[in-house]
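Numbering (UniProt numbering), first residue to last: 1 to 108. Data first, discussion second: the structure below is written as structure tokens.
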């Protein structure tokens, strides 16, 4: 899968305080899990969320079938589903088109 342009999208708003949309927040969670964050605190830090916000969004992503939760030795671990991989690919393509960047995240 190609590198995500989510970081490019978020860095375009560096001059003013920017509130991420629900879509951006949930996609950043999916991207964090895709990149290897399994534990809740890892996901929380990688997606730049508070604990309560993470719990709310993870619950919804599990409800949608985009994230799976497993209990390994008393610790919750999260994995991305095949459906979420397809969602990330579509989101990446759309974001590239809207931002006007090429495959290497260079502005067109």
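No residue lacks a Cβ here, since even glycine has one placed at the ideal position from N, Cα and C.
(request) Use the C-beta contact count for residue 67: other C-beta atoms within 10 angstroms, 16 or more gives buried, fewer gives exposed. (result) On the chain shown, position 67 is the one that residue 67 refers to. The residue is buried, with at least 16 neighbouring Cβ atoms inside 10 Å.
(message) I need the DSSP call for residue 1, collapsed to helix, strand or coil.
(response) Along the chain shown, read from residue 1 onward, the residue named residue 1 stands at position 1. The predicted position of residue 1 is uncertain, since its pLDDT is 48 and thus under 50; no value can be drawn from it.
(message) Short of 8 Å in beta carbon distance, which residues of its chain neighbour residue 58, apart from the five on each side in sequence? Order them along the chain.
(response) The residue you call residue 58 lines up with position 58 of the chain shown. Once the five neighbours on either side are set aside, the close Cβ partners of residue 58 are 29, 40, 43, 67, 69, 78.
(message) Our contact map puts residue 33 next to residue 98 with C-beta atoms below 8 Å; I'd like the distance itself, whole angstroms only.
(response) If you number the chain shown from 1, residue 33 lands on position 33. If you number the chain shown from 1, residue 98 lands on position 98. With 8 Å as the limit, residue 33 and residue 98 do not qualify as a contact, their Cβ atoms being about 23 Å apart.
(request) In the DSSP assignment, find the alpha helix (DSSP H) that holds residue 91 and state where it starts and stops. (result) What you label residue 91 is simply residue 91 of the chain shown in a count that begins at 1. The continuous alpha helix (DSSP H) containing residue 91 extends over residues 82-99.
(request) State buried or exposed for residue 89, treating a residue as buried only when at least 16 other CB atoms are found within 10 Å of its CB. (result) Reading the chain shown from its first residue, position 89 is the one you call residue 89. It is exposed - the Cβ of residue 89 has fewer than 16 other Cβ atoms within 10 Å.
(message) What residue range does the beta strand (DSSP E) around residue 69 cover?
(response) Against the chain shown, residue 69 aligns to sequence position 69. From DSSP, the beta strand (DSSP E) with residue 69 extends over 67-72.
(message) What does the alpha-carbon distance come out to for the pair residue 21 and residue 61?
(response) Sequence index remark: in the chain shown, residue 21 carries index 21 (1-based). Sequence index remark: in the chain shown, residue 61 carries index 61 (1-based). Taking the straight line joining both Cα atoms gives about 15 Å.
(request) Work out the CA separation of residue 71 and residue 25 for me, nearest whole Å. (result) Residue 25 sits at position 25 when you count from the first residue of the chain shown. Residue 71 sits at position 71 when you count from the first residue of the chain shown. Roughly 24 Å separates the two Cα atoms.
(message) Starting from residue 28, trace the alpha helix (DSSP H) in both directions and tell me its first and last residue.
(response) One-based indexing of the chain shown puts residue 28 at position 28. Here the alpha helix (DSSP H) through residue 28 covers 22-34.
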